[in-house]
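> Here you go, one structure.
2 protein chains.
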Amino acid sequence: MVRLEDVAADSGFSRATVSRVINEESKVRPDTVKKIKASMEKLGYKPNMVARALSSGKTNTVAVLLPDVTSLYYTNLIRGLNDVAQDSYYHIITKSISKENQAEELLNSNIIDGFVIRHSSSSEKIDRLLRKIYKKNLPVLFIGKPFNNSTSPSVIVDNVGGARKMAHYFAGNKYRKILFIAGRNDNIDSSDRKYGFRMGLQECGFDMNNLFEVEGDFSRERGYEAAERYLKNGDFDAVFAANDSSAMGVLLYLNENRIKVPEEISVAGFDDAFFAEYLWPPLTTVRQPMYEIGQAAMKNILKIIDKDTSINNETIFSTELVIRKSCRS
Amino acid sequence: MVRLEDVAADSGFSRATVSRVINEESKVRPDTVKKIKASMEKLGYKPNMVARALSSGKTNTVAVLLPDVTSLYYTNLIRGLNDVAQDSYYHIITKSISKENQAEELLNSNIIDGFVIRHSSSSEKIDRLLRKIYKKNLPVLFIGKPFNNSTSPSVIVDNVGGARKMAHYFAGNKYRKILFIAGRNDNIDSSDRKYGFRMGLQECGFDMNNLFEVEGDFSRERGYEAAERYLKNGDFDAVFAANDSSAMGVLLYLNENRIKVPEEISVAGFDDAFFAEYLWPPLTTVRQPMYEIGQAAMKNILKIIDKDTSINNETIFSTELVIRKSCRS
DNA sequence: ATTATAAATGAGAGCGCGATCATTAAGAAT
DNA sequence: ATTCTTAATGATCGCGCTCTCATTTATAAT
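These protein sequence lines are chains A and B, in that order.
FYI, the numbering for the first sequence is 1 to 329, going by the numbering used here.
FYI, the numbering for the second sequence is 1 to 329, going by the numbering used here.
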């Protein structure tokens with residue numbers, strides 16, 4: 001292993017100067033920079049990140065806490081986060097937020113420079129974790145709405161606007177009786193989408209007595225169940241599921257029971273999950289720019305870590321209506 | 001921050017002794033262990049992993065290199081890896097193997113204790129990376145067949161056997177003319193599956209002139225294209241795609257063109273990807289125990305890191321035929 | 001030339017821990 | 001009680017780097 005020391009010896013300068021050309025090249029004379037770089041090249045020097053971390057107190061790794069790391073929903077988000085991290089020579093470690101002891105371990109072990117947190121519903125556990133993070137003075141960035149009293153910056157997606165667009169589309173298609181399959185009631189995204197959907201329908205003069213809302217949990221199974229319960233006798237002509245997985249469950253039920261989509265009933269989802277276009281029929285949905293959100297989130301957390309104050313406290317991404325074949329128009 | 005030093009001071013023992021109760025409790029007298037633990041508890045001491053890493057040369061993190069980190073195909077694998085890692089207080093950092101510079105950076109930065117590598121096809125780049133890893137004497141464990149000349153242990157799945165089972169199932173169903181959609185020709189899994197499928201058909205006395213093989217690339221798009229090209233005029237009565245994504249593309253084409261599955265044609269895939277059961281119709285496929293494979297892989301790499309020699313050089317997982325509704329029987 | 005000022009470089013401590021070797025205390029054998 | 005052996009504990013160095021402060025060198029001003 002080649003150390004800083006070795007480069008110093010080879011180039012004839014001190015460790016301090018070599019360290020400078022690595023970290024703040026500006027403060028050292030151009031020709032000595034050249035000489036030192038030559039030595040580094042010659043010896044194949046690579047900084048030892050562990051030593052650097054111990055000395056500087058910075059590890060160049062950020063923790064990403066998600067409701068479920070393995071959810072398909074987040075793959076593009078993670079890609080966005082990772083790509084930006086990579087460019088700044090940072091690493092990310094992802095953990096499921098539900099396993100707060102894992103997250104807490106990260107916190108305790110002093111290997112994390114900052115946290116990116118995506119939470120779908122608040123809980124006592126997460127709250128406690130968060131307090132500990134703040135206590136350690138570590139930077140936090142939220143994807144989605146921040147916690148109650150938190151003042152950390154966030155990157156959020158316009159759930160309300162997206163659902164509102166879908167409402168306008170539904171109303172424009174003259175659907176008369178609509179089923180809305182929500183997520184869990186304590187889920188923030190779900191309630192925003194419900195709110196936006198209602199708002200949109202009202203704006204279009206829709207008779208709100210013909211909107212039926214069921215609580216689900218964003219799972220295919222509950223989507224299927226809801227469809228089973230409410231779509232049997234065919235008096236609904238459209239269903240809007242608060243996420244694509246639920247919509248998938250609905251489609252599965254309808255396909256199995258030979259109820260034609262979209263001729264007999266229209267179905268829409270939210271997320272534009274990767275599988276949405278491969279469902280049968282391809283699913284009309286609302287797209288969230290997850291990759292870009294991931295990028296923005298990582299950019300912002302890095303700024304906070306670098307004490308760069310030029311960040312917006314709230315970065316909002318808008319959504320896009322993706323019209324496929326699952327809705328009669 | 002509470003340091004070892006602080007615990008030492010509080011308990012009245014030296015840093016060395018405190019360090020011992022953390023790492024090799026056996027060598028210190030029971031009652032002093034008790035006292036020191038009390039101090040640790042009282043002060044809320046948590047070891048600084050960075051300092052430990054610098055001193056010991058071990059970082060407790062392993063790199064996981066995958067063809068594509070964000071592929072759905074690997075979510076369960078990653079879960080398995082992560083769960084075991086967690087239990088041993090290890091972290092994992094996942095990187096896409098295609099971005100070998102990212103992987104190389106990890107290697108150079110000295111923060112990795114070992115590598116778990118899943119590669120689907122060999123290439124010059126990966127080969128070079130691997131040589132560097134070996135040069136640094138870092139442990140390697142392969143998921144899937146190891147590289148040409150590598151002697152590192154591996155955890156592999158019985159692709160041949162899985163495809164063979166499918167062949168037997170196909171033959172048992174008396175399919176006459178079969179299309180096999182492979183992955184890329186240099187893909188190891190694909191060629192094993194092709195091999196196993198042929199073997200199985202031959203064992204059943206299938207007329208091999210009625211087996212047609214196309215090269216694909218494991219993507220939905222190529223699956224769709226293959227279906228478009230070969231399934232138009234309806235003389236095939238079954239298709240076996242070497243992975244579920246390809247099969248998904250096939251189903252999409254058939255659905256769009258109102259060709260009934262499985263009445264007119266049977267379709268099967270390989271992987272039992274998460275979406276397989278939600279396709280229309282639900283896909284018959286071969287399941288690989290990805291979660292267990294991930295667990296086994298992590299257990300083994302940890303053993304290698306700990307210089308535990310009690311590991312098998314090759315751990316083989318068998319596959320399971322999952323029969324759903326996409327095949328006429 | 002001489003001094004004042006700024007830029008470049010060096011010396012050395014310290015980050016928190018593990019590991020070696022030296023030292024002390026305890027227990028066994030005489 | 002005395003010596004020998006073993007178990008328990010302590011002092012100290014080193015891991016590779018960053019950072020502060022002191023020192024030297026170059027540049028500007030007189």
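The beta carbon of each residue, even a glycine, is placed where N, CA and C say it ideally should be.
Would Pro262(B) be called buried (16 or more neighbouring beta carbons within 10 Å of its own) or exposed?
Buried, because 16 or more other Cβ atoms sit within 10 Å of the Cβ of Pro262(B).
> First and last residue of the alpha helix (DSSP H) that includes Arg287(B)?
Premise fails: Arg287(B) lies in the beta strand (DSSP E), 285 to 287, not in any alpha helix (DSSP H).
> Looking at the strands, I want to know which residues DSSP matches up with Leu72(B).
None; Leu72(B) has no bridge partner.
> Classify Asp207(A): buried if its beta carbon has 16 or more other beta carbons within 10 angstroms, exposed otherwise.
exposed
> Which residues in the same chain as Asp192(B) place their Cβ atom closer than 6 Å to its Cβ, once the five residues preceding and following it in sequence are excluded?
Result list for Asp192(B): Asn159, Val160, in chain order.
> Between the C-alpha atoms of Leu54(B) and Ala51(A), what's the straight-line distance to the nearest angstrom?
6 Å
> Classify Pro67(B): buried if its beta carbon has 16 or more other beta carbons within 10 angstroms, exposed otherwise.
Flag for Pro67(B) reads buried.
> Under 8 Å between the Cβ atoms of Val155(B) and Ala296(B)?
yes
> Using a Cβ-Cβ cut-off of less than 7 Å, give me the residues of the stretch 239 to 269 of chain B that come near chain A, in sequence order.
Under the 7 Å Cβ criterion, the stretch 239 to 269 of chain B contributes Met248, Leu252, Asn255.
> According to a CB-to-CB cut-off of less than 8 Å, which residues of the stretch 130 to 152 of chain B neighbour chain A?
none
> Kindly indicate which three-state DSSP category Ile311(A) falls into: helix, strand or coil?
The answer is coil: DSSP assigns Ile311(A) none of H, G, I, E or B.
> Assuming the contact rule is C-beta atoms closer than 8 Å, Ile133(A) and Phe147(A) should be a hit. Round their C-beta distance to whole Å, please.
The Cβ separation is near 11 Å, so there is no contact.
> If contacts are defined as beta-carbon pairs under 8 Å, then Gln288(A) and Thr319(A) qualify, I think. What distance do you get, rounded to the angstrom?
6 Å
> Name the one or two DSSP bridge partners that Thr61(B) has.
His91(B)
> Listed from N- to C-terminal order along the chain, which residues in the stretch 275 to 292 of chain A have their beta-carbon within a distance smaller than 7 Å of any beta-carbon of chain B?
Phe275, Tyr278, Trp280
> Along the chain, which unbroken stretches of the beta strand (DSSP E) at least 3 residues long are found entirely within the stretch 195 to 238 of chain B?
Fully enclosed beta strand (DSSP E) runs of 3 or longer: 211 to 214.
> Go ahead and label Arg76(B) buried or exposed: buried means 16 or more other beta carbons lie within 10 angstroms of its beta carbon, across all protein chains shown.
In the sequence as displayed, the identity of residue 76(B) is Asn instead of Arg. Asn76(B) sits buried, since 16 or more C-beta atoms from the chains shown fall within 10 Å of its C-beta.
> Judging by CA-CA distance, which residue of Ser152(B), Lys136(B), Asn137(B), Lys135(B) is the nearest neighbour of Ile143(B)?
Ser152(B)
> On the three-state DSSP scale, how would you describe Glu24(B)?
coil
> Would you verify that the beta carbon of Leu81(A) is, or is not, closer than 8 Å to some beta carbon of chain B?
no
> Assuming Ile181(B) and Ala241(B) are in contact, meaning their beta carbons sit under 8 Å apart, how far apart are those beta carbons, in whole angstroms?
Confirmed, Cβ separation roughly 4 Å.
> Among the candidates Pro281(A), Gly249(A), Glu256(A), Ile265(A), whose CA atom is the shortest distance from the CA of Glu256(B)?
Comparing Cα-Cα distances from Glu256(B) to each of Pro281(A), Gly249(A), Glu256(A), Ile265(A), the minimum goes to Pro281(A).
> For chain A, check one thing: does any of its Cβ atoms lie closer than 8 Å to the Cβ of Ala51(B)?
yes
> Please tell me whether Ser120(B) has its Cβ less than 8 Å away from any Cβ of chain A.
no
> Per DSSP, what kind of secondary structure is Asp271(A) in: helix, strand or coil?
Asp271(A): strand per DSSP, three-state reduction.
> DSSP state of Ile156(B), grouped into three classes?
Per DSSP, reduced to three states, the secondary structure at Ile156(B) is strand.
> Just to confirm, are Ala167(A) and Phe270(A) a CB contact at a threshold of 8 Å?
no
> Which residue comes first and which comes last in the alpha helix (DSSP H) that contains Val261(A)?
Val261(A) -> no alpha helix (DSSP H), and no H or E assigned at all.
> Scan the stretch 100 to 145 of chain B and note each continuous beta strand (DSSP E) run of 3 residues or more that stays entirely inside, going in chain order.
114 to 118, 140 to 143
> Whole angstroms are fine: how far does the CA of Thr17(A) sit from the CA of Lys42(A)?
17 Å
> Consult DSSP for Val2(A) and reduce its assignment to one of helix, strand or coil.
coil
> If you measure between the beta carbons of Leu106(A) and Lys95(A), is that distance less than 8 Å?
yes
> What are the residues in the stretch 38 to 65 of chain B lying within 7 Å of chain A by C-beta distance?
Lys46, Asn48, Met49, Val50, Ala51, Ala53, Leu54, Thr59
> Does any residue of chain A bring its CB to less than 8 Å from the CB of Leu211(B)?
Leu211(B) does not count as touching chain A.
> Compute the Euclidean distance between the alpha carbons of Ser14(A) and Asp189(A), then round it to the nearest angstrom.
56 Å
> Are the Cβ atoms of Leu138(B) and Ile112(B) separated by less than 8 Å?
yes
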